[in-house]
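Everything on this sheet refers to the single structure shown next.
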Amino acid sequence: MQDLNKNEIESKVSSLNGNWALLNTLKLEKVFEFEDFKEALEFVNKVGEIAEEVHHHPDVQISYGEVILNIFTHDKNAITDLDFKLAERIDSMGSNNDEEVLGNMNVLKNGSDFEKRKATVRLGRLRDKRSINLLIKALDDGDRFVQKASARSLGKIGDEKAIKPLIRILGFVDPEFRWAAKEALVEIGKSSEYDLISALKSKNYHQREMAIEALSEIESEKAEIPIKKALSDEESTVRWRAARAVSKWYDEKSVNTLKELAQKDPDRKVRDEAIKSLKIVESEVKNLFNDFEKHLEYISTDIKSKNIKGGKSFSSPEKTFFSAHFFNPYKIRFYIYQGNKGIEELDSMKGDSQWGAIYLQKEGDLEKVLEAVKKSYIITKKDFK
Numbered sequence: 074m075q076d077l078n079k080n081e082i083e084s085k086v087s088s089l090n091g092n093w094a095l096l097n098t099l100k101l102e103k104v105f106e107f108e109d110f111k112e113a114l115e116f117v118n119k120v121g122e123i124a125e126e127v128h129h130h131p132d133v134q135i136s137y138g139e140v141i142l143n144i145f146t147h148d149k150n151a152i153t154d155l156d157f158k159l160a161e162r163i164d165s166m167g168s169n170n171d172e173e174v175l176g177n178m179n180v181l182k183n184g185s186d187f188e189k190r191k192a193t194v195r196l197g198r199l200r201d202k203r204s205i206n207l208l209i210k211a212l213d214d215g216d217r218f219v220q221k222a223s224a225r226s227l228g229k230i231g232d233e234k235a236i237k238p239l240i241r242i243l244g245f246v247d248p249e250f251r252w253a254a255k256e257a258l259v260e261i262g263k264s265s266e267y268d269l270i271s272a273l274k275s276k277n278y279h280q281r282e283m284a285i286e287a288l289s290e291i292e293s294e295k296a297e298i299p300i301k302k303a304l305s306d307e308e309s310t311v312r313w314r315a316a317r318a319v320s321k322w323y324d325e326k327s328v329n330t331l332k333e334l335a336q337k338d339p340d341r342k343v344r345d346e347a348i349k350s351l352k353i354v355e356s357e358v359k360n361l362f363n364d365f366e367k368h369l370e371y372i373s374t375d376i377k378s379k380n381i382k383g384g385k386s387f388s389s390p391e392k393t394f395f396s397a398h399f400f401n402p403y404k405i406r407f408y409i410y411q412g413n414k415g416i417e418e419l420d421s422m423k424g425d426s427q428w429g430a431i432y433l434q435k436e437g438d439l440e441k442v443l444e445a446v447k448k449s450y451i452i453t454k455k456d457f458k
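Take my numbering: the last position of the sequence shown gets the number 458, and nothing is skipped along the way.
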């Protein structure tokens, strides 16, 4: 049994067949779909046989037509090479489905509309990459059910070859078809980011709005700037979706834009969504401050606080050395004592260089603020003995 670092784990996950998900670098997870409970149970029994051979056992959840497998090394509470060995063996079970895969592919090519519908859904559940080209072609089938089912099945298979064809569908008139393509791109995941971000520049506003939805669900860090730009899109539906998504990447500029949309946008739906996002940001900032207060005990137990108008002040024990002000609900301004030595995290205040200021607005600011408070605490203890 060999321990693996984060890069090794991510590399091995990408080399696996099918849609194995990595959960917090601690577990491998994959969802398998079947026609009914009996078929799902038969699959679980086969997995059990493999697990006995490998001497390694997954966590199994079974329900009607669905099995969820979680694989990790229990005694290490981490992922090891043994987990990937088991995942590879489970994936190899799919190689025994040749007859079923090829049979459904033939039905999708030559069957009636009703037969093609069933075959399209089944190919998605089988997750065999040999069916990708046929499913991509089926996106333009004359039957609407086959079209949507093809999009969903391409998402389940998760191959990057399907990304551009699915991006094209985001611009179609049929909202259900667009949504199926969006869901498929979300299921494919991070590898669809580049094409989705490019779609934000499309002349087709349906593509732009669906791209925002997908990028938001994927939680793409690369999408932060283009989604903020979409707050000023000429189409109200795009602005609305951007206003809903941007709370995940808010900063001072986007908060100000949301305020402006909430007050002045001609579309009521956009105004309402901007207000909702502002409330989310406000709540997150308040929760960040609660986290900040919990972390204070790691600096010292003698730090005391008292409520003041519009905020809180903190002393240790007889001298106030920082205060937090909540005048702006979307960020908290800290005034922190730095003495004559200065603290690099702080912006010096005009009129009193012994005090500096810093903002808490996003999760990434938390450590920076705590470090500044820790340094201030040390300076205060020395200066006011």
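Cβ atoms here follow ideal geometry from the backbone N, Cα and C, with glycine treated the same way.
This structure is a prediction, so every number in the text was calculated from the model and none was measured.
Rounded to whole angstroms, how far is the Cβ of residue i from the Cβ of residue j, which I believe are closer than 8 Å?
{"i": "residue 223", "j": "residue 214", "result": "7 Å"}
{"i": "residue 172", "j": "residue 138", "result": "In fact, because the Cβ distance is near 21 Å, the residues do not count as touching under 8 Å."}
{"i": "residue 82", "j": "residue 95", "result": "7 Å"}
{"i": "residue 221", "j": "residue 260", "result": "Actually they do not touch by this definition, with Cβ atoms about 14 Å apart."}
{"i": "residue 429", "j": "residue 420", "result": "6 Å"}
{"i": "residue 77", "j": "residue 152", "result": "6 Å"}
{"i": "residue 255", "j": "residue 283", "result": "5 Å"}
Do you know whose CA, among the options, lies nearest residue i's CA?
{"i": "residue 365", "options": "348, 407, 93 and 100", "result": "407"}
{"i": "residue 394", "options": "400, 383, 401 and 416", "result": "416"}
{"i": "residue 454", "options": "435, 384 and 376", "result": "376"}
{"i": "residue 101", "options": "154, 246 and 264", "result": "154"}
{"i": "residue 354", "options": "367, 336, 331 and 343", "result": "331"}
{"i": "residue 103", "options": "144, 380 and 428", "result": "144"}
{"i": "residue 352", "options": "383, 404 and 199", "result": "404"}
{"i": "residue 296", "options": "281, 177 and 308", "result": "281"}
{"i": "residue 166", "options": "121, 77 and 254", "result": "121"}
{"i": "residue 390", "options": "383, 399 and 379", "result": "379"}
{"i": "residue 146", "options": "383, 127 and 443", "result": "127"}
{"i": "residue 231", "options": "88, 162, 357 and 285", "result": "88"}
{"i": "residue 392", "options": "399, 255, 410 and 181", "result": "410"}
{"i": "residue 383", "options": "208, 401 and 371", "result": "401"}
{"i": "residue 444", "options": "427, 418, 434 and 433", "result": "418"}
{"i": "residue 348", "options": "291, 357, 335 and 339", "result": "335"}
{"i": "residue 178", "options": "116, 207, 163 and 398", "result": "207"}
{"i": "residue 298", "options": "271, 308 and 309", "result": "271"}
{"i": "residue 160", "options": "227, 180, 388 and 86", "result": "86"}
{"i": "residue 399", "options": "344, 388, 253 and 363", "result": "363"}
{"i": "residue 116", "options": "306, 170, 99 and 79", "result": "170"}
Quick one: is residue i buried, meaning 16 or more other Cβ sit within 10 Å of its Cβ, or exposed?
{"i": "residue 341", "result": "exposed"}
{"i": "residue 374", "result": "exposed"}
{"i": "residue 134", "result": "exposed"}
{"i": "residue 346", "result": "buried"}
{"i": "residue 114", "result": "exposed"}
{"i": "residue 337", "result": "exposed"}
{"i": "residue 450", "result": "buried"}
{"i": "residue 436", "result": "exposed"}
{"i": "residue 273", "result": "buried"}
{"i": "residue 244", "result": "buried"}
{"i": "residue 175", "result": "exposed"}
{"i": "residue 246", "result": "exposed"}
{"i": "residue 148", "result": "exposed"}
{"i": "residue 323", "result": "buried"}
{"i": "residue 110", "result": "exposed"}
{"i": "residue 300", "result": "buried"}
{"i": "residue 452", "result": "buried"}
{"i": "residue 448", "result": "buried"}
{"i": "residue 105", "result": "buried"}
How about residue i and residue j: do their beta carbons lie closer than 9 Å?
{"i": "residue 319", "j": "residue 369", "result": "no"}
{"i": "residue 361", "j": "residue 327", "result": "no"}
{"i": "residue 441", "j": "residue 431", "result": "yes"}
{"i": "residue 184", "j": "residue 229", "result": "no"}
{"i": "residue 129", "j": "residue 158", "result": "yes"}
{"i": "residue 263", "j": "residue 289", "result": "no"}
{"i": "residue 200", "j": "residue 92", "result": "yes"}
{"i": "residue 385", "j": "residue 396", "result": "yes"}
{"i": "residue 350", "j": "residue 316", "result": "yes"}
{"i": "residue 192", "j": "residue 225", "result": "no"}
{"i": "residue 279", "j": "residue 241", "result": "no"}
{"i": "residue 358", "j": "residue 434", "result": "yes"}
{"i": "residue 216", "j": "residue 182", "result": "no"}
{"i": "residue 314", "j": "residue 292", "result": "no"}
{"i": "residue 163", "j": "residue 209", "result": "no"}
{"i": "residue 212", "j": "residue 150", "result": "no"}
Contact criterion: CB-CB distance below 9 Å. Does residue i meet it with respect to chain D?
{"i": "residue 111", "result": "Of the chains in the structure shown, none is chain D; there is only one protein chain."}
Original post:
Would you say the stretch 255-267 touches the stretch 231-238, given that touching needs at least three Cβ pairs under 8 Å?
Top reply: These segments touch.
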